Amino acid sequence: MSAATAANPQTKVTTPSDREIRTERLFDAPRERVWRAMTEVDLIKQWWGRGNKLVVEKFELERGGHWRFVEHANDGVHGFEGRYREVTPQERLVMTFEWDGMPGYVIIETITLEDLGQRTRVVTTSLFHTTEERDGMMQAGMEGGLNESYAALDRLLASMA
Amino acid sequence: MVQYSPALDIAFAAIADPTRRGILERLGQADASITDLAELFEMTLTGMKKHVQILETARLVTTQKIGRVRVCKLGPRRLDEETAWIATYQQMLNDRFDRLGRFLERTQGE
């Protein structure tokens with residue numbers, strides 16, 4: 059296991075549909091602090107950039123507003139950007155997310171913050187718009203699984219005869 | 030540790046791990062034995078076997094025993110750029126939350 063995935067026991071990742079990934083996370087901080095860390099530029103700069111220098115080029119926190127963060131890492135410059143679709147203070151943030159390296163592959167992130175007193179539950183749902191090619195790949199995998207199940211059923215039926 | 034639900038597509042879970050993406054990349058150049066891969070990724074044989082098993086279940090890798098050596102090659106299921114990007118994105122999201130958690134801890138009481 060890499061250091062990156064071994065970090066937090068409070069992360070739960072599930073897939074509600076084949077186009078969505080839901081990431082649930084508990085933070086040991088009141089909701090107001092979590093919201094501020096996510097929406098104040100000076101605070102964002104302190105954690106968003108994977109330890110690299112982060113330049114916040116655009117940050118228009120309102121419906122339709124643009125955001126663009128550029129990370130200056132050793133292996134190069136990585137730009138991330140999108141637009142806000144919904145901003146409900148302390149409760150909900152909906153935005154598009156795109157990486158310069160995969161232009162046109164837009165992910166829609168819906169982030170909700172649930173007030174648990176001294177803790178906050180943050181649920182992020184990431185919605186992908188996948189191409190037919192990828193859907194095809196997933197389908198092929200599922201058919202394989204089904205065929206294997208049928209084969210097992212056949213064997214079972216044969217053994218009973 | 031990230032916990033994947035049983036519903037999560039197995040191929041997706043397989044490539045969510047950077048080591049396993051590295052294995053696929055390596056096998057894209059040439060076939061390799063479990064021992065080769067364990068050495069390359071500085072890992073125990075047992076650890077590498079587990080990674081390969083996961084990739085095999087997802088049909089991203091196939092293995093074949095030749096004599097005493099288990100040779101791994103790319104499987105029938107191809108990993109496309111987009112799927113790889115989604116896996117990378119998920120990894121980034123988890124990392125980002127890890128850093129947010131540490132930041133909130135660090136700035137507690139401020």
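One line per chain: the protein sequences are A and B, in this order.
So the first sequence is numbered by the working numbering: it starts at 59 and just counts up by one.
So the second sequence is numbered by the working numbering: it starts at 30 and just counts up by one.
Heads up, the beta-carbon is just placed ideally off N, CA and C, and yes, glycines get one too.
This one's a predicted model, so the numbers in the text were calculated from it and none came from an experiment.
Q) To which residues does DSSP link Thr168 (chain A) through a beta bridge? A) A:Val152, A:Thr183
Quiz item: For Thr92 (chain B) versus Val100 (chain B), is the C-beta spacing smaller than 8 Å?
Solution: yes
At a CB distance below 9 Å, what residues from the region 116 to 138 of chain B approach chain A? Give them in sequence order. Thr117, Tyr118, Gln119, Gln120, Met121, Leu122, Asn123, Asp124, Arg125, Phe126, Asp127, Arg128, Leu129, Gly130, Arg131, Phe132, Leu133, Glu134, Arg135, Thr136, Gln137
When Cβ atoms are compared, which residues of the region 154 to 168 of chain A fall closer than 7 Å to chain E? Absent from the structure: chain E. Protein chains present are A and B.
Query raised in the report: Under the three-state reduction of DSSP, which class applies to Asp46 (chain B): helix, strand or coil?
Result: coil
With which residues is Phe138 (chain A) paired in a DSSP beta bridge? A:Phe127, A:Trp157
Can you look up Arg192 (chain A) in the DSSP assignment and give me helix, strand or coil? Low confidence applies to Arg192 (chain A): its pLDDT is 41, below 50, so where it sits in the model is not reliable enough to give any reading.
From the DSSP secondary-structure annotation, give me the bridge partner or partners of Asp173 (chain A). A:Thr178
For Val164 (chain A), which of A:Gln68, A:Thr69, A:Thr73, A:Arg77 has the nearest alpha-carbon? A:Arg77
**Q.** Contact between the region 135 to 145 of chain A and the region 107 to 120 of chain A (3+ Cβ pairs under 8 Å)
**A.** yes
query: Whose C-alpha, out of A:Phe85, A:Asp86, A:Phe117, A:Pro161, is nearest the C-alpha of Asp100 (chain A)?
result: A:Phe117
query: Does the separation of the CB atoms of Ile169 (chain A) and Leu185 (chain A) fall below 8 Å?
result: no
| Are the C-beta of Gln148 (chain A) and some C-beta of chain B separated by less than 8 Å? | no
Roughly how many whole angstroms lie between the Cα atoms of Thr72 (chain A) and Ala116 (chain B)?
13 Å
For the 8 Å Cβ check, are there 3 or more pairs between the region 144 to 163 of chain A and the region 84 to 96 of chain A? yes
ask   = Does DSSP put Thr136 (chain B) in a helix, a strand or coil?
value = coil
| What separation, rounded to the nearest whole angstrom, lies between the Cα atoms of Gly175 (chain A) and Thr69 (chain A)? | 19 Å
Does Lys116 (chain A) come out as helix, strand or coil in the three-state DSSP assignment? strand
Can you pull the chain B neighbours of Arg141 (chain A), defined as C-beta to C-beta under 7 Å? Near Arg141 (chain A) there are no residues of chain B at all, since even the closest Cβ is about 17 Å away, more than 7 Å.
Going straight from the alpha carbon of Thr178 (chain A) to that of Ala113 (chain B), what length do you get?
31 Å
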